[in-house]
Amino acid sequence: MPALKKRLPLAATWPLVAWGLCCFCACRAGSPAAGESRRIRVQGSGLEMVYVQSGEFFMGSERGWTDEKPVRRVVLSHGFWLGRTEVTQGLWKAVMGGNPAHFRKGDDYPVEQVGWNDCQEFIRNLNRLTEKAFRLPSEAEWEYACRAGSQDDFPADLDACAWYDLNSAQSTHTVGRKRPNAFGLHDMLGNVWEWCADGYDPHFYSRSPLEDPVAPAAGLHRVDRGGAWGYGADIVRPSRRDGSGPDYRINLLGLRLAASRL
Ligand SMILES: [Ca+2]
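Mapping the sequence shown onto this note's numbering, position 48 (from 1) lands on 131, and the numbers just tick up by one.
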């Protein structure tokens, strides 16, 4: 007599099927979870990157300057990694071998007095050392990450989350000491302005694509964002835009790193 094959009841197989599907999907997707972080060591220094998921938001402000209008719904179709803090003087020294900062109070202070072109050289060297593909964030990525789900154009709790003219004692401060935003990012507002990848075009919002907008890095100026220790609450805002020449260096302006993948 042939052996009878014992079969599980159909209902009993569903948990196994579901578990298998979950594993299959997770392996195929391979995408990090929102807020996941990774530390990267670089020649005795390092940095921490936080994963920001794709999404959409209203970019700009009807209460802001003319270059912040029109407000439009922007889609970021891919998640990306962003530095938990501004680039520190310690990391800059580890990569470049020197420290251009004005406020040399410690390795955990943000680097400043770095031009947009200096930042490109820094990123090239960093990528060679780490075999990764760091870059500056786009302006849209920066504002999306700064807002972290908020549409508040004038944050009421600026003292808690930013170094600006009323609490900075006219200096930069150690990165990461102020309260992080909802994405876990520190000092997006204040401390130092942060270079973005885009060229600065005051009319860009009127004609930019609504999905993954990036203004070409051309023309006289590049975008910097977030305000700094020497500015007031009218400037230290998520949607405030500024443009500076690519070789402009000042003790109010630094950078934060981004990467599409790590
Ligand atoms: Ca900042």
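Glycine included, every Cβ here is placed at the ideal spot set by N, Cα and C.
Can you tell me which residues form a DSSP beta bridge with residue i?
| i | result |
| --- | --- |
| residue 142 | 155 |
| residue 124 | 129 |
| residue 341 | 165, 218 |
| residue 336 | 276 |
| residue 325 | 307 |
| residue 171 | 193 |
| residue 246 | 273 |
| residue 282 | 305 |
In this structure, does DSSP put residue i in helix, strand or coil?
| i | result |
| --- | --- |
| residue 319 | coil |
| residue 149 | helix |
| residue 43 | There is simply no residue 43 to check, as the chain begins at 84 and stops at 345 in what is shown. |
| residue 298 | coil |
| residue 306 | strand |
| residue 277 | strand |
| residue 227 | helix |
| residue 78 | Look at the range of the chain in this structure, 84 to 345, and you will see that residue 78 is not part of it. |
| residue 134 | strand |
| residue 201 | helix |
| residue 207 | helix |
| residue 355 | Outside the displayed range of the chain (84 to 345) lies residue 355, so it cannot be described from this structure. |
| residue 212 | helix |
| residue 106 | Only weak support is given to the placement of residue 106: the predicted model assigns it a pLDDT of 36, under 50, and the value that follows is read from those uncertain coordinates. Helix at residue 106. |
| residue 265 | coil |
*Under a criterion of Cβ closer than 6 Å to any non-hydrogen atom of ligand 1, which residues qualify, in chain order?*
169, 270, 271, 273, 274, 275, 277, 309
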